[in-house]
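In the working numbering, the protein residues as written are 859 to 966.
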């Protein structure tokens, strides 16, 4: 298991982060299943989430600015701004596959 100093450097610092008890419980269970510390899991989850948002074309900076200028809670991210000549790849469909209707051999 990595020590705290492995992740602490002049470019990182601890931050206070309030999380609901239910979420902490999920994090602890997941961390135990993955043989990782809660902190490692949170760091990895944040990195994956930010990369996922970047790939989808969401402007994280715009979401933060919008939230700062708003008194309402941030319930959703702003829609991606895509230029007409954009070469970005389409976002893959993430809906669960429907295996309830099995096709018979030879059926389209």
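Just so it is clear, CB atoms sit at the ideal spot from N, CA and C, and this is done for glycine as well. Remember, it's a predicted structure, so these values are computed and weren't measured experimentally.
Assess contact between the segment 913-926 and the segment 884-903, defined as three or more Cβ pairs (one per stretch) separated by less than 8 Å. Is contact present?
In short, these stretches do not touch, since the Cβ pair count stays below three.
Just how far apart, CA to CA, sit residue 915 and residue 904?
Taking the chain shown and counting its residues from 1, the one referred to as residue 915 is at position 57. Taking the chain shown and counting its residues from 1, the one referred to as residue 904 is at position 46. Taking the straight line joining both Cα atoms gives about 17 Å.
May I ask which residues mark the beginning and end of the alpha helix (DSSP H) holding residue 873?
Within the chain shown, the letter at position 15 stands for residue 873. Run containing residue 873: none; DSSP gives neither H nor E here.
By Cβ distance below 7 Å, which residues in the same chain neighbour residue 894 in space, the five residues on each side in sequence not counted?
As a working note, residue 894 is residue 36 in the chain shown. Counting only Cβ-Cβ distances below 7 Å, and skipping sequence neighbours, we find nothing.
Between residue 885 and the rest of its own chain, which residues show a CB-CB distance below 7 Å, the 5 nearest in sequence each way excluded?
In the chain shown, counting from the first residue as 1, residue 885 sits at position 27. Excluding sequence neighbours, residue 885 sits near 896, 899, 900.
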